[in-house]
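Enquirer: Chains as they are written, first to last, in the working numbering: chain A, 1 to 666; chain B, 1001 to 1666.
1. Spatial neighbours of residue 1242/B within its chain, please: CB distance less than 8 angstroms, with the 5 preceding and 5 following residues excluded, ordered by chain position.
2. Can you look up residue 648/A in the DSSP assignment and give me helix, strand or coil?
3. At the 9 angstroms Cβ level, is residue 1574/B part of the contact set with chain A, yes or no?
4. Can you tell me whether residue 14/A is buried or exposed, with buried defined as 16 or more other CB within 10 angstroms of its CB?
5. Against chain A, with Cβ distances strictly below 9 angstroms, would residue 1640/B count as a contact?
6. With 8 angstroms as the C-beta to C-beta threshold (strictly closer), list the residues of the region 1527–1546 of chain B near chain A in chain order.
7. Alpha carbon to alpha carbon, what distance is there between residue 1478/B and residue 1016/B?
8. Counting only C-beta atoms, is residue 1521/B closer than 9 angstroms to chain A at any point?
9. Since I believe residue 516/A is in contact with residue 650/A (beta carbons under 8 angstroms), could you give me their beta-carbon distance rounded to a whole number of angstroms?
10. For the pair the region 531–539 of chain A and the region 641–657 of chain A, tell me if three or more CB-CB distances fall below 8 angstroms.
11. Tell me the rounded alpha-carbon separation between residue 71/A and residue 21/A.
12. Under 8 angstroms between beta-carbons, which chain A residues line up against residue 1655/B? List them in chain order, please.
13. Any beta-carbon of chain B closer than 9 angstroms to the one on residue 666/A?
14. What separation, rounded to the nearest whole angstrom, lies between the Cα atoms of residue 561/A and residue 555/A?
15. Could you spell out where the alpha helix (DSSP H) holding residue 561/A opens and where it closes?
16. Can a CB atom of chain A be found closer than 9 angstroms to the CB of residue 963/B?
17. Looking only at C-alpha atoms, which of 1386/B, 1463/B, 1302/B sits nearest to residue 1435/B?
18. Applying the criterion that 16 or more other CB atoms from any shown protein chain within 10 Å of the CB defines a buried residue, is residue 442/A buried or exposed?
19. Can you give me the Cβ contacts of residue 272/A inside the same chain, cut-off strictly under 6 angstroms, excluding the 5 residues immediately before and after it?
20. Using the Cβ count rule (16 or more neighbours within 10 Å means buried), how would you classify residue 528/A?
21. Are the CB atoms of residue 465/A and residue 551/A nearer to each other than 9 angstroms?
22. Quick check: the region 71–86 of chain A against the region 29–40 of chain A, are at least 3 beta-carbon pairs closer than 8 angstroms?
23. Please name the residue in 312/A, 318/A, 378/A, 300/A whose C-alpha comes closest to that of residue 342/A.
24. Evaluate residue 1494/B with the Cβ neighbour count: other Cβ atoms within 10 Å of its Cβ, from every protein chain shown; 16 or more gives buried, anything less gives exposed.
25. Any chance you could list the alpha helix (DSSP H) runs of at least 4 consecutive residues sitting entirely within the region 1472–1513 of chain B, in chain order?
26. Taking C-alpha atoms, which residue in 120/A, 351/A, 414/A lies nearest to residue 89/A?
27. In chain order, what residues of the same chain have a beta carbon less than 7 angstroms from the beta carbon of residue 170/A, not counting five sequence neighbours either side?
28. Determine whether the beta carbon atoms of residue 1526/B and residue 1510/B lie at a separation below 9 angstroms.
29. In the DSSP assignment, find the beta strand (DSSP E) that holds residue 348/A and state where it starts and stops.
30. Shorter than 9 angstroms from the beta carbon of residue 196/A to some beta carbon of chain B?
31. Check whether the Cβ atoms of residue 1520/B and residue 522/A lie closer than 9 angstroms to each other.
32. Assuming residue 1499/B and residue 1356/B make a contact with CB atoms under 8 angstroms, what is their CB distance in whole Å?
33. Going by C-alpha distance, which of 334/A, 377/A, 366/A is nearest residue 354/A?
34. Between 306/A, 256/A, 141/A, 470/A, which has its C-alpha nearest residue 118/A's C-alpha?
35. Within a Cβ cutoff of 7 angstroms, which residues of the same chain sit near residue 261/A, ignoring the five residues on either side of it in sequence?
36. So residue 138/A packs on residue 347/A, CB below 8 angstroms; how close in whole Å?
Structure (structure tokens):
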């Protein structure tokens, strides 16, 4: 473990104003024997003291003799929706109304956030309740301490196949609660080795402790499950979900688990994907698999989250008929309505895999009678490994705002995954998390904005990318307005910059195989992964229209029509849907090839702009933060240059068409 | 370790004829207290009994009463060159003349070889002495048991950082002696971790035992050395070869080593290469480093073998001036004549790195006053991983037969590395070996031909590829003439087939990065390794003429002129020396692009021919050998198809020029 103390991220409160009051706290309809409420009071005390210098003595202690007294009143109001809160400052102090413990905790964090963002305690005011019932983090942590696609050190949950619980665990729970996260999956969806034994006696004691720490901050603990557990830990020769003995095994197993872990929220399952076992092995459907587990866990109030990332990962690159983008819809759409009530499908935002630009998955809203959740990735697997700056909230916002046309009115992805469209309760958002045991949690200090931002966005999908960025900056740094504005603008343009210097117009995948950092234009072109750009000397792109793979037809007709025609297809996705000649004229009046050249030169230049802006913050941000981030920018500039030159050279060498501006292409 | 007994390779004698005599043995001028001579007698006995059924009772035992008696007479004849032999069969038996113990051993193995190839013992006849003074195997075995670029299992020398000595060790020494190998480097040239401690007390006992086993079969043990040993195991802060304390450290260390390992032949050193430490770090020359060690080891009769594989491995792909091919000559030519007498430079056959086709390194013969050895690789790193069949002796023969024009007359590489050109004694050939602890030693049973072949060729560079192949087949298998001929022809055409379906006309490197099996046309194109093909929509190849990198000018003028002009450059190396348009007309009357298509379609088809020929040997070769090799051919066919399709698609997509024959290109 690290010897240096970890940071407190956005809870590392700096003085917002110099207060002159003393606080008392009052509970009405709640009790401080409710541990989440007690923690809310603890957080209030810790936050107020750091933000204002005002003391919040433990209740029961004598009031201070001098000065004005303010009161934090926490009141039970059944009219407030579940997990929601109303906060209202006044000259008497602050009132928090909520109908449950989580609402109290979120209300208190809302007070602290508003103070951190510039309000006096007596001025705070907000009525809020979560947009999404489920707001989850997915850890891809392995029990040997490694993290699949982790860019911030090793796991803080595991070391040498044991579960680690220490002060850091509680801090992590505090951070998550402060942004409204209410469910955490603690192990990699690829469940192998020791992780298969998380549902055995070997780990129950530690898991129970962990689930309590989480629970005390309003968070349910979830685990990823090995669908082949009956074989791997049960010693059976099948895991056929319709086999009576298998079902009986699961019934016993889940009973055992809930006996020991009553706080468990449920299980996340990656089945029949990238070599993981699943129901297909036995000629069963995904619904057969998910429903069996759903039924087994139902008596305990648990849920099954079933991932839709199922595709053929041994494709022949010569095969232009098979289209990985189609796979999710093809595998899951027919079973719409067949999934049981306590099963929810977790669907990646795009049909491929977390590229910097993809269309929205047609499964989202395409399923009309099935619980569904949106999965995004804040671990920057394909978007710069938390070396390159890439603020992802704008990407998530685009997904949430996308009109699926699944119905009149409530047809955006935000509507669908919140449960508003179908009136279902099992719905929400999950993020593959970007944390590790680095002392700053996210490797790049600035990558914490994605962690913060995902939580805030999943709680309130109406927040804008800019609002979230400003909040995070205000809470994290102590910057004058001008410098805060510089940083905010850096964040807001970073995703477009990354997109500009990496793969063009939605085609994706021009990335170093396996590692996924840095360019390799043909790296996935002749692979088995279904990830091709099909560039030749005349053009590039994948024909996914009705004349090609037909993927565009998986959308409702308005979108299908739009995507099917290169003239109406949004240009940022042009190469995802169409094979386009280099000489094609874009709406900007540039040819496709010139767009590739221009965007790559611009992207690299703008990356240098980001680095220069960061340099301008020297002295305004803590020195160690400045140095750490500067190191990352140095690497990003190398990366941006490499992307620029390799992509430009590749297309120049292939097309033979020169850059109009005569810049250096190799 | 494997549980099944390992094979005896070409020493797995099968009955050559049914003899009816009994042998006695006679030593004249030798004694069976000479352990190499004793081992020669042991091998004779073991071989004769298996090959003919005739008994060779231990000397001193009573002769058999009945039957004819033949005599093996081993006679000391000072007129025979060192390590040479004269064998002569007659009605009385066989006479072996030699002037030293190794000559006796080689003579005996020659008798057995001739019998295995069809002669009666009484008919054998040969006068031979080694073409090369040094005939060495280089193991890239690591002490954790792994083998760098090993394709036949794990190391049989090391397990968990300990030296393993068992019956297999002696068998290995026997095999090596039977093909004339007289020096073996037992550890990877990349000396790291535990291997740095091979020159410490920790390993001396085991090394002494190993060196004795080797010595008993006429083999000197060598070790790869960590040039930074004074730092890594000596605790010093420098390994500057001109530093007095460093020299003193080495003097003590080498004295200690020779006190414990008096049989040690010397050290092999990879310095200043691919991240290995070396004299450049201290502003010293390669000669400074090599000579220091040479001087230190001189009192013990040891030698220093210094590798010339020094190049910039962090090149920028944009840089078209730097040329990795130039590096060896650029770094070593200026110091020609500066190396001490007991130092020998080990030079890879080509200027790059063991590609299927490269020109001969211009250092070979380019150095005129320096001991030099030729290094080749029988581990099939870039030539099919001992999955694909690739008989490498034809490649080595081309290198040996190459006229360097370094002088009148004795100017071939064979002349240079044998010592004939300069009259030097420290000269020879080394091979990076292709063995591991697989029970058949070489993974693919057929890959043993390269092991056998290298030994035989280094002993007698006048042998043809066909002669060597026939010997190996006759000794290894018990095949009728027709089947032996099928197998021989398979071997002889295999290298050309591999070349046809992999990278075209000497350009090399279109291989999967790191692993080096299978195609990735651009895999090394934008890398740091100095390995580029520079293909664009008009043509491909690296201009290494006087108008390009100037590499061609490193040769003597006859070759420089030939290579400099695409019209006189051998076409199999055309793309190594020239950037050539796809429409360039080759001497065959085909365009370059059509040649690429044709050769790749042919190569794949011919690979299928190899597999079919192997199928025809079912029943003629042992079943388990048949099955093992058939499995490899199945993989080779997948590989050949992948190479064909990726290379053809790549060039079709890039050039836009269709195949004249309209075959399927993707």
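The beta-carbon is built from N, C-alpha and C at its ideal position, and this holds for glycine as well.
Expert: Checking against the coordinates, here is how it stands:
1. 1282, 1284, 1288, 1292
2. helix
3. no
4. exposed
5. With 9 angstroms as the cut-off, residue 1640/B does not count as an interface residue toward chain A.
6. 1535, 1536, 1537, 1538
7. 9 angstroms
8. Yes, because at least one Cβ of chain A sits closer than 9 angstroms to the Cβ of residue 1521/B.
9. Actually they are not in contact, since the Cβ atoms of residue 650/A and residue 516/A sit about 18 angstroms apart, beyond 8 angstroms.
10. yes
11. 10 angstroms
12. Going along chain A in sequence order, the residues near residue 1655/B (Cβ under 8 angstroms) are 537.
13. yes
14. One C-alpha to the other measures close to 9 angstroms.
15. 557–564
16. Outside the modelled stretch of chain B, which goes from 1001 to 1666, sits residue 963/B, for which no answer is possible.
17. Closest option to residue 1435/B, Cα to Cα, is 1386/B.
18. buried
19. 278, 280, 310
20. exposed
21. no
22. Cβ pair count under 8 angstroms is three or more, so yes.
23. 300/A
24. buried
25. 1481–1501, all fully within the region 1472–1513 of chain B.
26. 120/A
27. 213
28. no
29. 343–348
30. no
31. yes
32. 5 angstroms
33. 377/A
34. 470/A
35. So the qualifying residues of the chain are 204, 207, 208, 211.
36. Not really, about 13 angstroms apart at Cβ, beyond 8 angstroms.
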